[in-house]
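Undergrad: Structure provided below as structure tokens; questions to follow.
In my numbering, the protein residues as written are 977 to 1299.
This is the structure in structure tokens:
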């Protein structure tokens, strides 16, 4: 280790300076200029610190990715499920939190699962989790669809979508069974939040009693403020959620003032007619409620947060192991 003439800084050339802890203790004790040679020696001869940190970081990243990919329903939503429900609008894949155009989602989608389920009858519901209110960021919910008496195909069918071709088991009605709440498509208004999460749940109703099914169909009469967890608990079906999915539809904006404007609108099917301030969907239903949904966060944003957190954990752990 030599001293540069005319300066008080010292250049590190020692080959024995390879311990991560020793390196930072030395670096923190005096002004230094670290040469490329010293950095190379440090990197090559520090498996006990750098390598451990890198391996730990890679491990936690893999675990985090696995945990995020398991969630078929939005972050923070209950009831949650890890089993994906395949949702397709005329060949447009709307699975796994994808962003889709409002125009393609106006007709009832085709739904399916990758594996054959064990039940005999099913119900599906779709809820908008991000209805604006006059008290932002508080949001409400709106039931867009509930259909009972679905049955699953016994053999797989080739499904061609924008995500590719896959063999799936479709769900369909064997006959003309009226929907508990007929489907109407997403139409997020130009109000905050502009992005809405439309969440689908598939419920196994094979062992449901007449009373349980009555709870479901009666709850569907009030679309505004629909709480899936409460309804399924009352029906005794909370543990019967067998698959789920969500997709996102965004109004391009700009967002109008949350308290401005008023309007009236009528939903289709078994919904109610409402009027008042705070439209929840364009030309659909305008009543406000007081329930709260988890604020929207994209998968990319959530993944970034996880990366930042885990990087910090890995660096701290690497320093600890080297001391």
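Just so it is clear, CB atoms sit at the ideal spot from N, CA and C, and this is done for glycine as well.
Roughly how many angstroms separate the alpha carbons of residue 1163 and residue 1146, rounded to a whole number?
TA: Computed Cα separation, rounded: 26 Å.
Undergrad: How far does the beta strand (DSSP E) with residue 1102 in it reach, from first residue to last?
TA: That run of the beta strand (DSSP E) goes 1098 to 1108.
Undergrad: What would DSSP say about residue 1217, mapped onto helix, strand or coil?
TA: Residue state, collapsed to three classes: strand.
Undergrad: Check whether the Cβ atoms of residue 1060 and residue 1071 sit closer than 8 Å, and answer yes or no.
TA: Yes. Within cutoff.
Undergrad: Opposite residue 1122 in the DSSP bridges: which residues?
TA: Looking at the DSSP assignment, residue 1122 forms a beta bridge with 1101 and 1157.
Undergrad: Roughly how many angstroms separate the alpha carbons of residue 1176 and residue 1132, rounded to a whole number?
TA: Going from the Cα of residue 1176 to the Cα of residue 1132 covers about 21 Å.
Undergrad: Give the range of the beta strand (DSSP E) segment to which residue 1191 is assigned.
TA: Run containing residue 1191: none in the beta strand (DSSP E); it sits in the alpha helix (DSSP H), 1186 to 1195.
Undergrad: Let me check understanding here. Comparing Cα to Cα, which of 1138, 1221, 1097 and 1152 lies closest to residue 1336?
TA: This structure gives no information on residue 1336, because the portion of the chain shown stretches from 977 to 1299.
Undergrad: Between the Cα of residue 1150 and those of 1191, 1125, 1101 and 1130, spot the shortest distance and give me the residue it belongs to.
TA: That would be 1125, whose Cα lies nearest to the Cα of residue 1150.
Undergrad: Quick check: the Cα distance between residue 1082 and residue 1068, rounded to an integer number of angstroms?
TA: So the alpha carbons of these two residues sit roughly 12 Å apart.
Undergrad: State whether the stretch 1184 to 1198 contacts the stretch 1210 to 1218, with contact taken as three or more CB pairs (one from each stretch) at a distance under 8 Å.
TA: Touching, per the Cβ criterion.
Undergrad: Residue 1122 and residue 1152 look like a contact to me (Cβ under 8 Å); what is the Cβ gap, rounded to whole Å?
TA: About 16 Å separates the two Cβ atoms, so there is no contact after all.
Undergrad: With residue 920 as the anchor, note down where its beta strand (DSSP E) starts and where it stops.
TA: The question about residue 920 has no answer here: the residues shown for the chain are numbered 977 through 1299.
Undergrad: State the start and end residues of the unbroken alpha helix (DSSP H) segment that holds residue 1057.
TA: From DSSP, residue 1057 is part of no alpha helix (DSSP H); its letter is neither H nor E.
Undergrad: Report the partner residues of residue 1173 according to the DSSP bridge assignment.
TA: Paired residues: 1224.
Undergrad: So, for residue 1300: in the same chain, excluding its five sequence neighbours on each side, which residues have a beta-carbon less than 8 Å away from its beta-carbon?
TA: The displayed coordinates of the chain run from 977 to 1299. Any statement about residue 1300 would go beyond what the structure contains.
Undergrad: If residue 1103 sits next to residue 1116, beta carbons under 8 Å apart, how far is it from one beta carbon to the other, in whole angstroms?
TA: Wrong, their Cβ atoms sit about 11 Å apart, outside the cutoff.
Undergrad: Using CA atoms only, rank isn't needed, just tell me which of 1137, 1161, 1091 and 1112 is closest to residue 1129.
TA: Measuring from the Cα of residue 1129, the nearest candidate turns out to be 1091.
Undergrad: What is the DSSP secondary structure of residue 1146, reduced to helix, strand or coil?
TA: It is a strand residue.
Undergrad: Identify whether residue 1178 lies in helix, strand or coil by the three-state DSSP scheme.
TA: Of the three classes helix, strand and coil, the one that applies to residue 1178 here is strand, per DSSP.
Undergrad: Pick helix, strand or coil for residue 1075, following the three-state DSSP scheme.
TA: Strand.
Undergrad: Just confirm the distance between the C-beta atoms of residue 1182 and residue 1095, as a whole number of angstroms; I'd bet it's less than 8 Å.
TA: The pair is a contact, with the Cβ atoms about 4 Å apart (cut-off 8 Å).
Undergrad: With a threshold of 7 Å on Cβ separation, who are the neighbours of residue 1088 within its own chain once the five nearest residues in sequence on each side are excluded?
TA: Closer than 7 Å at the Cβ level, and outside the excluded window around residue 1088, lie 1062, 1135, 1144, 1145, 1146 and 1147.
Undergrad: Going by the DSSP bridge assignment, what does residue 1065 pair with across the sheet?
TA: Beta-bridge pairing links residue 1065 to 1068.
Undergrad: Tell me where the beta strand (DSSP E) around residue 1088 begins and ends.
TA: Segment 1086 to 1089, the beta strand (DSSP E) holding residue 1088.
Undergrad: Comparing alpha-carbon positions, which option in 1174, 1167 and 1207 lies nearest residue 1112?
TA: It is 1167 whose Cα lies nearest to the Cα of residue 1112.
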